[in-house]
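To convert, count from 1 in the sequence shown and add 853; that's the working numbering.
Beta carbons are placed, not taken as given, at the ideal position from N, Cα and C, and that holds for glycine.
Input: a single structure, listed below in structure tokens.
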Amino acid sequence: MRLAVAICNGLGLWNGALLAVGRWLGAACLALMVVVILTQVFFRYVLGSALAWPEEASRFLMLWSTGLMAPTAFRAGGFGAIDMVVRLLPRVVAGGLTVLLLGLMVVLLWVALTIGWSEVTGLAGRFQTDSLRVPAAWDLSVWVKVPKSAMMASMVVGVALLLSVAVELLLRHIMVLLGARDRLQAIPGAVVLGGGTE
């Protein structure tokens, strides 16, 4: 039991650090997305000449912000309909249902990760974006189109982070059912089994 609690707490620290970095990077993506959208608004409506790249750039940044920030929301909990059903059940039944759902989620996320990776490395990932270009030389004389795999990788990263969080939550809920709740480190602001926060 001591080893299982140590693994669970270690995974919690790992996820906490990864998700903190993901939140900062996701917030940076959101800020850049706003700048790109405002740039397009200026060029389209003030100057009357829309640029070709802002829509694709904002979509690229939106996908990355989602992939980096969604796992934090998942780890914090608070999924309306599921939480309402779980809170109506007795604690042990709710715990068993939560473990079952998290186990199913781990399997589904693993399948999603393998599908996503095959898309990034497969035929679809070999194509390039239509208008999004990045500099390929320090003097900005050479620009290349961004491969679509860079955009698709956002979802692979997001699913990998979701999988890591799902494994952590599964282990945590198993430990809670086994009576080791007091030995687990709290997830700040997380909704826990049966309601309330840690």
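Residue i - DSSP class collapsed to helix/strand/coil
i	result
L1046	Confidence in L1046 is poor, its pLDDT being 44 and thus under 50, which makes the residue's placement unreliable; the coordinate value appears in the next sentence. Coil.
D1035	helix
S902	coil
G975	coil
L942	coil
L955	helix
I1027	helix
L993	coil
Proximity winner among the options, relative to residue i (alpha-carbon distances)
i	options	result
L864	L953, A1033, S1002, E1021	E1021
V945	M1028, L1014, C861	M1028
S1017	G956, Q1038, S1002, L1037	G956
A870	L1030, L883, M922, A905	M922
S971	R940, M1005, S902	M1005
V889	R876, L878, A903	A903
T925	G1011, V887, R986, P907	G1011
Residue i - containing beta strand (DSSP E), residue span
i	result
P1000	996-1000
S984	981-988
First through last residue of the alpha helix (DSSP H) which encompasses residue i
i	result
L864	855-894
A926	907-929
Query raised in the report: If you pair each beta-carbon of the region 987-1001 with each one of the region 884-899, do three or more pairs fall below 8 Å?
Result: no
Query raised in the report: Counting Cβ pairs closer than 8 Å, one from the region 906-914 and one from the region 876-887, do we hit at least three?
Result: yes
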